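To start, the structure itself, in structure tokens.
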Amino acid sequence: MLDVIWLIPAFPLVGFLLILLFGRRLGEPRSGYLASAMVLASFVVSVGAYFDLVSMNEEERSHVETLFSWVPVDSLQIDMAFLADPLSITMCLFVTGIGFLIHLFAIGYMHGDPKFSKFFLYLNLFVLSMTLLVLGENLLVTFLGWEGVGTCSYLLISFWHTKDANASAGKKAFVTNRIGDWGFMLAMFLGFQAIGSVSYLDLNLAAESGAIGESTATGIAMLLFVGAVGKSAQLPLYVWLPDAMAGPTPVSALIHAATMVTAGVFLMTRMNPMLFASAPEVSVIIAWVGAITALFAATIAVAQTDIKKVLAFSTVSQLGYMFLAVGSGAFVAAIFHMVTHAFFKALMFLGSGSVIHGMHEEQDMRKMGALRKVMPVTAGTFIIGWLAIAGVPPFAGFWSKDEILLFTLAERGPVLYAIGLITAVLTAFYMTRQVIMVFFGEARWGSHANEAEAAQLDPADADADADDASADATPVETHGAHGEFKPHESPPIMLFPLVVLAGLAMVGGIIQLPSFGFIPSGWRHRLEDWLHPVVRVGEAEITDTSAYDAKGLLALLAIACALAGIAAAVAIYAKKMAEPIEPEILADGWGYDRAISAFMGGPGRKAFDAIAWFDKTIIDGAVNGAATTISKSAGVIRRGQTGNVRNYAGIVGAGVVLLLAWFVIGRGVV
46 MLDVIWLIPA
56 FPLVGFLLIL
66 LFGRRLGEPR
76 SGYLASAMVL
86 ASFVVSVGAY
96 FDLVSMNEEE
106 RSHVETLFSW
116 VPVDSLQIDM
126 AFLADPLSIT
136 MCLFVTGIGF
146 LIHLFAIGYM
156 HGDPKFSKFF
166 LYLNLFVLSM
176 TLLVLGENLL
186 VTFLGWEGVG
196 TCSYLLISFW
206 HTKDANASAG
216 KKAFVTNRIG
226 DWGFMLAMFL
236 GFQAIGSVSY
246 LDLNLAAESG
256 AIGESTATGI
266 AMLLFVGAVG
276 KSAQLPLYVW
286 LPDAMAGPTP
296 VSALIHAATM
306 VTAGVFLMTR
316 MNPMLFASAP
326 EVSVIIAWVG
336 AITALFAATI
346 AVAQTDIKKV
356 LAFSTVSQLG
366 YMFLAVGSGA
376 FVAAIFHMVT
386 HAFFKALMFL
396 GSGSVIHGMH
406 EEQDMRKMGA
416 LRKVMPVTAG
426 TFIIGWLAIA
436 GVPPFAGFWS
446 KDEILLFTLA
456 ERGPVLYAIG
466 LITAVLTAFY
476 MTRQVIMVFF
486 GEARWGSHAN
496 EAEAAQLDPA
506 DADADADDAS
516 ADATPVETHG
526 AHGEFKPHES
536 PPIMLFPLVV
546 LAGLAMVGGI
556 IQLPSFGFIP
566 SGWRHRLEDW
576 LHPVVRVGEA
586 EITDTSAYDA
596 KGLLALLAIA
606 CALAGIAAAV
616 AIYAKKMAEP
626 IEPEILADGW
636 GYDRAISAFM
646 GGPGRKAFDA
656 IAWFDKTIID
666 GAVNGAATTI
676 SKSAGVIRRG
686 QTGNVRNYAG
696 IVGAGVVLLL
706 AWFVIGRGVV
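The number in the working numbering is simply the position in the sequence shown, starting from 1, with 45 added.
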């Protein structure tokens, strides 16, 4: 299967081309099923590649499949080649697996949209780009996928572009990501300048062997981190991700939970030998940026009222956790949390989509409540995702978050560890707040509130409503006048992905269980053993044995923090024991986004206008002035070119006389 690893991106490419050519003829729902089948086929190939690698010895688990020579220019020889190793196949497994589930959900969610086929065209193009990104054998192939997912995010976020806010959100994502792309490109140029190659294998080998100096490695690592900050929505470039919620909910799940935003963490892990060879301050900076982002986004999430905005800021916060792990040298923990986060966050985004679908496109949590009685499957699966992200054992999020905190304490000290714990408390708090506001308490969705509160709704009625909604749904942009309505459960094609993801969120932690006495030795550290060939150089080893020996107590402390956050939210929002504290400054995101907009529209715009004037007047003026001077001089000289032979003969004669005079008078020649 490794010899045909190219089939992983090939299947979404085929789906993209078929829908591009025949999408209108296929229509709904066939174009959706075709797109889903192509992603499922990629997942099957990924599973086959996984079993191929597992059957090999650890040192052999790396296969390069070269398709053709892409850039053969003198010393710049770049192949269109794919690298199949434990890291890339791990990424392919959850990108294609979760991508398939999201495609299925989207078939139901996008029912009735006039651009149904185009939506799946973009989804397949996105999966194609993401698989290129993670399978690339060199930085340029990865950059091709990197730019592809950026373009697809613009197309998908602004899919309903007739609304100004949606169009602006797409442009914002595109422009913000260009800043990160600048760092990626410079890192690529610097790597080629240093060793004459952009291959991951060559760059990492050079970093391991010392062929790249510390200063060069530091430059490459920091520039790659700039790229990662843009793509993975870290401070100061996180602002695009919350606005990206303007896109359809399947887009939020696919791009902003399971795939695109994890690209930065993947890149840092792929280049871990380069980070190891760089100055120690690089990892410290990465850890601090991750920790501050995690805490910053968590504080904002506690005051959001849009069901998707809460999840958006939660994503930013959880990505901060992953960068905290990378900065602590815990690359396995970062990938572990990336995988578990993909499970429970994709589940919660799709769950929010199910709620929005059942609530006739309502996203304000203040207008929800008691939905568990009319949407039992959505509520049950969403609650599993909540327990996972809150860090409640034995759900998946507990194991990955606990491992990050352990490495943080051992490698970066108590301050960053404390920030991580505070973030964990806030995460449990705002996610519990969301669950209570949406699924518990009083029904706040219209004249049927009393029925829901009394649990008088017949489940058969809810199913009938779901069928009616499936048959009569209209695009999101046509919704808005809610009037009298009754929330309903989503159709089976939307519920099936929720159930599968809920199962993964429950048991996903088994891929990397810690060394606790009650856990059989054969079940411990499986992901670490699997990724060892990739991270053997950069992975930190905990030398502070006191922290490692106390891991049981640290785990209990993490559980206590999660329960404290849950208890506080229950006391405030369910028991009404205290008034909610939701400052406007938090709802406004600390004013950060607004400050950037004000700067760009004020001093920033004036600065840009000044730069444009300088370019047009000074730079272009100098070039145009030189050209004008030469043109005018040539015009004067051209006047002497009359075309008259007698004039030319006279000029030659005069020249001869002057030349003779110079020799006779000037040189004294007789």
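Virtual Cβ for every residue (Gly too), placed ideally from N, Cα, C. The model shown is predicted, which means the values in this text are computed figures rather than measured ones.
Residue i - DSSP class collapsed to helix/strand/coil
i: N102; result: coil
i: R569; result: strand
i: H108; result: strand
i: A595; result: coil
i: A129; result: strand
i: L558; result: strand
i: G93; result: helix
i: M316; result: coil
i: R69; result: helix
i: N222; result: helix
i: Y283; result: coil
i: V582; result: coil
i: P295; result: helix
i: R478; result: helix
i: E192; result: helix
i: G403; result: helix
i: M83; result: helix
Under 9 angstroms between C-beta atoms of residue i and residue j
i: G335; j: C606; result: no
i: M125; j: V186; result: yes
i: G309; j: L364; result: yes
i: I134; j: S91; result: yes
i: G398; j: A298; result: yes
i: I352; j: L201; result: no
i: G553; j: A433; result: yes
i: T384; j: F139; result: Inspection of the sequence shows that residue 384 is occupied by Val rather than by Thr. Contact flag set, yes.
i: F427; j: G610; result: no
i: R478; j: Y618; result: yes
i: S76; j: S162; result: yes
i: G153; j: H533; result: no
Through-space distance from residue j to residue i, alpha-carbon basis
i: W658; j: P648; result: 15 angstroms
i: L63; j: S87; result: 16 angstroms
i: V521; j: F164; result: In this predicted model, V521 has a pLDDT of only 39, less than 50, meaning its place in the structure is not dependable; the value taken from the coordinates is given anyway. Their backbone Cα atoms lie some 13 angstroms apart in a straight line.
i: G698; j: I656; result: 56 angstroms
i: L184; j: V49; result: 21 angstroms
i: S203; j: F219; result: 11 angstroms
i: G181; j: L246; result: 11 angstroms
i: F270; j: L320; result: 10 angstroms
i: G465; j: R457; result: 11 angstroms
i: E103; j: Q557; result: 18 angstroms
i: I626; j: I380; result: 35 angstroms
i: A266; j: L356; result: 30 angstroms
i: W51; j: F485; result: 48 angstroms
i: D638; j: V284; result: 6 angstroms
i: L572; j: V580; result: 11 angstroms
i: L189; j: M101; result: 30 angstroms
i: A550; j: T261; result: 41 angstroms
i: A603; j: A623; result: 25 angstroms
i: A256; j: S242; result: 13 angstroms
i: A672; j: T662; result: 14 angstroms
i: S277; j: S535; result: 31 angstroms
i: I330; j: G228; result: 16 angstroms
i: L250; j: G236; result: 12 angstroms
i: M155; j: V194; result: 21 angstroms
i: G93; j: R650; result: 53 angstroms
i: G215; j: L166; result: 17 angstroms
i: D512; j: I481; result: At D512, the pLDDT of 40 sits below 50, so the modelled position is not reliable; the number obtained from the coordinates is stated separately. Near 27 angstroms, if we compare the C-alpha coordinates of I481 and D512.
i: E755; j: D158; result: Because the chain spans 46 through 715 in this model, residue 755 falls outside it and cannot be assessed.
i: S174; j: M136; result: 13 angstroms
i: V116; j: A239; result: 18 angstroms
i: T263; j: A324; result: 6 angstroms
Cross-strand partners of residue i (DSSP beta bridge)
i: D124; result: S114
i: D409; result: D351
i: S244; result: N183
Integer-rounded CB distance, given that residue j should sit under 8 angstroms from residue i
i: L168; j: V545; result: Not really, about 18 angstroms apart at Cβ, beyond 8 angstroms.
i: G396; j: G430; result: 6 angstroms
i: S373; j: A342; result: Their Cβ separation, rounded to whole angstroms, is 19 angstroms, which puts S373 and A342 out of contact at 8 angstroms.
i: V582; j: N222; result: Actually they are not in contact, since the Cβ atoms of V582 and N222 sit about 29 angstroms apart, beyond 8 angstroms.
Cutoff 9 angstroms: residue i Cβ touching any chain D Cβ
i: G228; result: This model lacks chain D altogether; it includes just one protein chain.
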